[in-house]
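These notes concern the structure reproduced below.
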Amino acid sequence: MCGIVGLFLKDPKLEPQLGALLTDMLITMTDRGPDSAGIAIYGRPEKGRAKLTVQSADPDVDFATLTDDLGRAIAAKVTGHVKDTHMVLELPEDRLDAARHAMRGLRPMAKVMSAGEGIEIYKEVGLPKDVAARFEVARMSGTHGIGHTRMATESAVTTMGAHPFSTGSDQCLVHNGSLSNHNSVRRVLKQAGMTFETENDTEVAAAFISHKLQEGAKLGEAMEATLTDLDGFFTFVVGTKNGFGVVRDPIACKPAVMAETDQYVAFGSEYRAMVNLPGIDNARVWEPEPATVYFWER
Amino acid sequence: MQTFDLTAQGLRALNSTLHGLKGQTNMTAWEIINPKGAHAIAVGLDAPVDVTVRGSTGYYCAGMNKQATVRVKGSAGPGVAENMMSGTVIIDGDASQYAGATGRGGLLVIKGNASSRCGISMKGIDIVVHGNIGHMSAFMAQSGNMVVLGDAGEALGDSLYEARLFVRGSVKSLGADCVEKEMRPEHLAILADLLKRGEADHLAKPEEFKRYGSARKLYTFNIDNASSY
C-alpha cells in the first residue's frame with residue numbers, strides 16, 4: 000500500500016500552517032503505511048544560504064560539536080538545530096557541496112537526508128503520528144511539502160528505506176507502488192555517475208528524475224520519461240525548490256486524488272487525507288489521469 | 000428521516016444499525032452526515048431503505064448492496080457498489096476505480112465520471128455513467144448493461160462475455176474480442192429504460208449511442224446456452 004500526501008500553497012497566508020496541515024494529512028494515511036513515515040518541507044529560501052539535513056542513529060555523539068567541526072572543515076560559518084535524530088545545518092550556499100563531502104569524513108555514520116536552499120527531510124521508522132511529533136513537523140512553516148507513510152514491500156523497514164528520497168539538490172520523490180526494473184535502471188544510472196544509499200526501488204525513481212534534470216530536462220519532461228523507462232506500479236509525487244508534480248503509471252492501480260482551491264493544490268492517496276483542509280468542500284476535486292504529468296511551480 | 004453522524008458514532012455502529020433494518024418496515028429514510036471519505040459506508044445493506052450520504056466516500060461504499068437505495072451527495076472512492084446484488088446506488092459526483100465491479104444486479108448511476116475498470120467482471124448489474132469512463136472498463140464483463148453518455152478510455156470491454164455496452168461518445172480503443180454491434184429495436188428499448196431510470200433521459204437519446212459487445216471468438220460461446228446470459 001503506502002500513503003502519500005502533498006500540499007502546494009498558493010496563498011502565503013497559509014504558509015505558517017503548512018506543517019500542521021501536512022501532519023494532519025499524514026496521520027490520516029496511517030492505515031496505508033504504519034511502518035515508517037517521512038516528510039519533506041520546503042521553506043522560503045534565504046538568499047545565499049543553504050541547508051543540509053543529516054540523520055544519525057547516535058545524535059548525542061554525532062551532533063554535539065558538529066557545527067564547529069563542519070565550520071572548520073569548510074571554512075565557513077555553520078549554524079544548526081537538532082530535532083531528535085536529525086540535525087539541520089545552515090551554511091553558505093556555495094559551500095553546500097563541500098559540506099556534503101566533509102560530512103563523510105567527519106561523521107561517517109551520519110546520513111544526509113537532504114541538501115538544498117529550501118528543503119528539509121525528516122524520516123524515521125514508526126507510526127506517522129510519532130514520527131511527526133518527534134520532529135515537531137506541525138510547527139513548521141513553508142511553501143510546499145510532501146509526506147509519505149510506508150508499508151514496505153521492496154526493501155527493509157529502515158530509516159533510509161523510508162520516503163521521501165532525495166537524490167539531488169532541493170529534489171525529492173515519494174512513491175506508492177513497486178518497480179520491477181529498478182535493478183537494471185540503477186545499473187545504468189550508476190554508470191552515469193549517480194550514487195545510491197539503498198537497494199530500494201523508489202530511490203532509483205528519484206535518481207532517474209534527478210539525472211534527467213541534471214541533463215537539462217524540465218521537471219515535466221523528467222516526469223514524462225518515467226512513463227517510458229520505469230516498469231512497474233507507481234504513483235509518484237515529486238518535490239522541487241519551486242513546486243511539485245504528480246504522475247501515475249498507465250495502469251493506475253495506485254490511488255490518487257487531487258484538490259485545488261485559490262489557496263492551494265493538495266494531493267492525497269485518498270480523499271479522506273484532505274477532509275480537514277480549509278475550504279475543501281468547495282475545492283475542485285479530481286482523480287489524476289493515468290500516464291499524465293501534472294505539476295505546479297511558483 | 001433518521002440522521003446518523005458518522006464522525007460522532009463510528010462506522011461499525013452505522014453498518015450494524017443499517018443491517019438491523021432487515022425485515023423492518025419503519026425507519027426507511029436515512030441520512031449519513033460527516034462521511035469524510037471513510038471506507039465501507041453502508042456496506043451489505045439488505046432492506047428496502049433509502050440512505051443519503053452527505054459528502055464524499057472512501058473505498059467500497061454500498062458494496063454488496065441488496066434492495067436499498069444509496070445516494071452519495073459527493074464523489075465515491077474505489078469499488079463503489081462492488082458486488083451489488085440489487086437496489087440502486089446513485090453517485091452525484093465522480094467514482095474512482097472499479098465502480099460496480101462484479102455486480103450481480105441492481106442499478107448503479109454515476110452522474111460524474113467513472114475512472115478505470117468501471118464494471119470490471121460485471122455479472123448482471125446495470126451501470127449508467129453520465130460522464131466518461133476510464134481504461135479497461137467492462138473487462139471480462141459477463142452480463143448486464145453499461146451505458147456511458149460520454150467517452151470510454153482504452154481497451155473497452157476486453158475479453159468481454161455477454162454484457163452489453165452502450166457508449167454515446169468516442170471509444171479510445173476496444174479491448175480484445177470487443178466489437179461494435181448493430182443497434183436493434185430491443186437495444187433501443189433497453190437504453191430508453193436505463194436512461195430513464197439512470198436520471199439521464201433529459202441528457203441523451205437512445206439513438207445517439209453505439210452498441211459494443213463480444214465477438215465471441217475468445218471464449219467458448221455455445222448458442223444452446225444463450226438463455227443463461
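Protein sequence lines, in the order shown, are assigned to chains A and B. Residue 297, in numbering that gives the first Met the number 0, is where the first sequence stops; the numbers in between run on with no holes. Residue 228, in numbering that gives the first Met the number 0, is where the second sequence stops; the numbers in between run on with no holes. Each residue gets a CB set at the ideal place from its N, CA and C atoms; glycine is no exception.
- About 4 Å separates the Cβ atoms of ALA205(A) and LEU172(A), confirming a contact at the 8 Å cut-off.
- Here the C-alpha atom of ASN82(B) lies approximately 6 Å from the C-alpha atom of GLY62(B).
- In summary, ALA151(B) is buried, with 16 or more beta-carbon neighbours lying within 10 Å of its beta-carbon over all protein chains present.
- Contact between TRP295(A) and VAL264(A) holds: CB atoms are separated by about 5 Å, below the 8 Å threshold.
- Going by C-alpha positions, LYS204(B) is about 8 Å away from LEU194(B).
- Listed in chain order, the non-local C-beta contacts of ARG53(B) below 6 Å within the same chain comprise ILE32, LYS72, local neighbours out to five positions each way being set aside.
- Under the three-state reduction of DSSP output, GLU198(B) falls in the coil class, being neither helix nor strand.
- Just so you know, the alpha carbons of ARG70(B) and ALA37(B) end up roughly 15 Å apart.
- Residues of the region 23–39 of chain B whose Cβ lies closer than 7 Å to any Cβ of chain A, in chain order: LYS35, GLY36, ALA37.
- Scanning the region 82–148 of chain A for uninterrupted alpha helix (DSSP H) segments of 4 residues or longer gives 95–105, 127–133, listed from N- to C-terminal end.
- Short of 8 Å from the beta carbon of GLY32(A), and not among the five residues preceding or following it, lie these beta carbons of its own chain, in chain order: MET0, CYS1, GLY2, PRO127, HIS147, THR148, ARG149, MET150.
- In terms of Cα proximity to LYS35(B), the closest of SER55(B), ARG183(B), ARG167(B) is SER55(B).
- Close to chain B, meaning a Cβ-Cβ distance shorter than 7 Å, are the following residues of the region 232–260 of chain A: ALA251, PRO254.
- At a Cβ-Cβ threshold of 9 Å, LEU106(B) and VAL88(B) count as neighbours.
- Taking 3 residues as the shortest admissible run, the region 31–62 of chain A contains the following complete beta strand (DSSP E) segments, listed from N- to C-terminal end: 35–41, 48–54.
- In the three-state reduction of the DSSP assignment, VAL4(A) falls in the strand class.
- Under the Cβ criterion of 9 Å, TYR58(B) is counted among the residues facing chain A.
- Using a Cβ-Cβ cut-off of 9 Å, GLY149(B) does not count as an interface residue toward chain A, since no Cβ of chain A sits closer than that to its own.
- Within the same chain, Cβ atoms closer than 7 Å to the Cβ of PRO77(B) are found at TYR58, SER95, GLN96, TYR97, the five residues on either side in sequence being excluded.
- For LYS122(B), the three-state secondary structure derived from DSSP is strand.
- For a Cβ distance threshold of 7 Å, residue set LYS35, GLY36, ALA37, GLY57 of chain B lies close to ARG271(A), ordered along the chain.
- The closest CA to that of MET121(B), considering only ALA191(B), GLY130(B), MET84(B), is found on MET84(B).
- Going by beta carbons, LYS9(A) and ASP261(A) fall inside the 9 Å limit.
- Contact check between the region 150–163 of chain A and the region 25–44 of chain A: three or more CB pairs, one atom from each, fall below 8 Å, which counts as touching.
- Of all alpha-carbon atoms in THR234(A), ASP280(A), THR64(A), LEU90(A), the one lying nearest the alpha-carbon of SER74(B) is that of ASP280(A).
- With a 10 Å radius around the Cβ and a threshold of 16 neighbouring Cβ atoms, MET193(A) comes out buried.
- GLU116(A) counts as buried, since at least 16 other C-beta atoms from the protein chains shown sit within 10 angstroms of its C-beta.
- Contact check between the region 127–141 of chain B and the region 151–161 of chain B: three or more CB pairs, one atom from each, fall below 8 Å, which counts as touching.
- For GLY76(B), the neighbours in chain A by C-beta distance under 7 Å run, in chain order, GLU269, TYR270.
- Within the same chain, Cβ atoms closer than 6 Å to the Cβ of LYS180(B) are found at ARG210, GLY212, the five residues on either side in sequence being excluded.
- Under the three-state reduction of DSSP, ILE90(B) is assigned to strand.
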